[in-house]
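In what follows, a structure is listed as structure tokens, so that the remarks can point back to it.
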Amino acid sequence: MERPVRFNTNVKQVEAPASFMGDGFMATSFDKVIGLARQNSLWPLPFATSCCGIEFMATMASHYDLSRFGAERLGFSPRQCDLLMVMGTIAKKMGPILRQVYLQMAEPRWVMAVGACASSGGIFDTYSVLQGIDQVIPVDVYVPGCPPRPEAIIDGFIQIQSLVGSESLRRRNGERYKALMDSYAIQ
Amino acid sequence: MPLTNQQIIERLTEKFGQDIFDIHEPYGLLTFTITKDLNLKVLRFLYDEPDLGFTFLTDLCAVHYPDNVGKELAVVYHLHNLVENIRIRFKVFAGTEQPDVFTATGIFESANWQERETYDFYGVNFVGHPNLKRILNVDEMDYFPLRKEFPLEDQTRTDKDDEMFGRGNLIGLN
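Residue numbers (my numbering), protein chains in the order written: chain H, 23 to 209; chain C, 30 to 203.
Next comes the structure, spelled out in structure tokens:
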């Protein structure tokens with residue numbers, strides 16, 4: 023007789039990084055292992071100021087379920103988080119606050135600009151609105167849309183994951199990264 | 030007997046005479062203009078007289094009329110008599126050269142933030158205001174954004190192509 027409850031035997035597991043294997047050992051580089059761990063356990067910090075934030079709520083909820091990607095745990099303290107997700111219009115008066123939140127995050131940190139407003143000011147081409155958050159903090163991934171659908175946010179998140187997974191451990195000590203931070207006057 | 034617009038304007042002209050002008054009643058809302066320096070006296074009179082009793086300041090704002098040379102800025106007061114449920118509106122005009130208007134904070138505490146907002150967007154200098162500084166815009170802003178000579182769009186943008194937004198140097202339009 024068929025069992026009344028069927029268990030999900032189709033659980034997807036992350037693939038092991040390319041490695042050299044023999045009997046009882048496996049050798050690979052820290053870059054790959056640490057990248058793998060980081061990319062599948064990102065802690066996002068939602069910085070939601072308007073309608074894109076509503077889309078993000080849908081993204082987090084059971085239907086779209088961002089936790090499938092290892093982002094189960096939203097942190098509401100920047101000190102605990104790796105990924106700053108900026109969703110919504112950022113007024114110029116909010117700019118310094120957003121920057122402060124970014125500065126409070128520990129390295130390594132990533133930033134995702136969700137929606138037209140966070141990416142470029144969107145339709146609010148006006149005296150009071152910041153024309154894209156990349157004027158105050160560096161951005162890794164831009165998600166277009168007004169607002170973007172949850173699928174688009176998830177796609178942006180997967181882009182972030184691939185950035186995180188392939189990032190060299192030395193990147194944040196490099197000259198190029200330092201120059202980027204200097205261009206934002208961040209020490 | 031309920032208070033009517035007619036009675037209000039009679040009481041005002043009796044007291045202030047020629048300083049009250051441009052009286053009209055769009056949609057039944059009594060509207061008039063007064064000479065600039067009398068704004069506090071008129072507010073006080075409307076507040077204190079028992080038969081008038083305009084004790085509530087609904088709104089205080091400004092309008093910029095760039096073509097009205099010498100009197101570009103109108104400061105508009107909306108008052109409400111809560112007992113009779115009658116609203117009135119009056120304006121004073123000031124020039125952008127010296128936009129000084131006496132503050133209403135002595136009569137209405139609620140005028141404080143409204144005057145700061147009006148200063149923030151139009152640069153009306155409310156003489157005697159206890160804390161006249163920007164309230165909504167960033168402190169570093171060095172102009173008054175709702176004056177008509179300033180374009181609405183953010184002037185610091187560098188990455189937007191005007192042609193794509195329909196406001197560039199389009200051939201045949203400039």
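Where a beta carbon is used, it is the ideal one built from N, C-alpha and C, also for glycine.
Residue i: first and last residue of the uninterrupted beta strand (DSSP E) it sits in
{"i": "H:T31", "result": "Here H:T31 belongs to no beta strand (DSSP E), and DSSP marks it neither H nor E."}
{"i": "C:D88", "result": "F85 to H93"}
{"i": "C:N154", "result": "N154 to V156"}
{"i": "C:F131", "result": "D129 to F131"}
Closest Cα partner of residue i within the set the options
{"i": "C:D80", "options": "C:N97, C:L111, C:L67 and C:T60", "result": "C:L111"}
{"i": "H:C103", "options": "H:S89, H:G196, H:P130 and H:F91", "result": "H:P130"}
{"i": "C:G57", "options": "C:E78, C:I115, C:E178 and C:G135", "result": "C:I115"}
{"i": "H:M107", "options": "H:T81, H:E189, H:K114 and H:Y86", "result": "H:T81"}
{"i": "H:R121", "options": "H:V27, H:E24 and H:Y206", "result": "H:Y206"}
{"i": "H:G154", "options": "H:G143, H:I182 and H:V161", "result": "H:G143"}
{"i": "C:F85", "options": "C:E113, C:D96, C:T60 and C:V98", "result": "C:E113"}
{"i": "C:C90", "options": "C:L181, C:N154 and C:G99", "result": "C:N154"}
{"i": "C:H158", "options": "C:E169, C:P55, C:Q36 and C:D129", "result": "C:D129"}
{"i": "C:P174", "options": "H:R171, H:V163, H:D162 and H:S150", "result": "H:S150"}
{"i": "C:N160", "options": "C:T134, C:I38, C:V71 and C:E78", "result": "C:T134"}
{"i": "C:D66", "options": "C:I37, C:E78, C:K120 and C:M170", "result": "C:K120"}
{"i": "C:D96", "options": "C:F137, C:L165 and C:A123", "result": "C:A123"}
{"i": "H:P170", "options": "H:A138, H:D156, H:G196 and H:N32", "result": "H:A138"}
{"i": "H:F98", "options": "H:E77, H:K114, H:P66 and H:C73", "result": "H:P66"}
{"i": "H:A38", "options": "H:Y199, H:G187 and H:V163", "result": "H:G187"}
Close beta carbons around residue i, own chain, < 7 Å, minus the five adjacent residues each side
{"i": "C:L202", "result": "Because C:L202 sits at a pLDDT of 49, beneath the cut-off of 50, its placement in the model cannot be relied upon, and the point is left open."}
{"i": "C:T125", "result": "E101 and L102"}
{"i": "C:N34", "result": "E54 and L59"}
{"i": "C:G99", "result": "G124"}
{"i": "C:I37", "result": "L59, L81 and I117"}
Residue span of the alpha helix (DSSP H) that contains residue i, given as start and end
{"i": "H:V75", "result": "Sequence check: residue 75 of chain H is Gly here, not Val. Looking at the DSSP string, the run of the alpha helix (DSSP H) that includes H:G75 is C73 to M82."}
{"i": "C:N141", "result": "A140 to Y151"}
{"i": "H:I182", "result": "P172 to S188"}
{"i": "C:N68", "result": "N68 to D77"}
{"i": "H:D204", "result": "E197 to S205"}
{"i": "C:N34", "result": "N34 to F45"}
Bridge partner(s) assigned by DSSP for residue i
{"i": "C:F61", "result": "C:F119"}
{"i": "H:L67", "result": "H:L106"}
{"i": "C:Y56", "result": "DSSP output for C:Y56 lists no bridge partner at all."}
{"i": "H:M134", "result": "H:M107 and H:V163"}
{"i": "H:M48", "result": "H:M43"}
{"i": "C:V104", "result": "C:A91 and C:V121"}
{"i": "H:A128", "result": "Beta-bridge pairing links H:A128 to no other residue."}
{"i": "C:V204", "result": "Absent from the model: residue 204 of chain C. The displayed extent of chain C is 30 to 203, so no value can be given."}
{"i": "C:N110", "result": "C:I115"}
{"i": "C:I49", "result": "C:I63"}
{"i": "H:A151", "result": "Inspection of the sequence shows that residue 151 of chain H is occupied by Val rather than by Ala. According to DSSP, H:V151 bridges with H:A113."}
Same chain, Cβ closer than 6 Å to residue i, neighbours up to 5 away in sequence not counted
{"i": "C:H107", "result": "T87, D88 and R118"}
Beta-carbon proximity list for residue i, same chain, < 8 Å, skipping 5 on both sides
{"i": "H:G75", "result": "P68, M109 and G110"}
{"i": "H:I176", "result": "T81, Y86, L88 and F91"}
{"i": "H:P118", "result": "V158"}
{"i": "H:V36", "result": "L58 and N62"}
{"i": "H:G12", "result": "Because chain H here runs from 23 to 209, residue 12 of chain H falls outside it and cannot be looked at."}
| message | Output needed in chain order: residues of the stretch 164-176 of chain C with a Cβ under 7 Å from some Cβ in chain A. | response | Here the protein chains are H and C, and chain A is not one of them.
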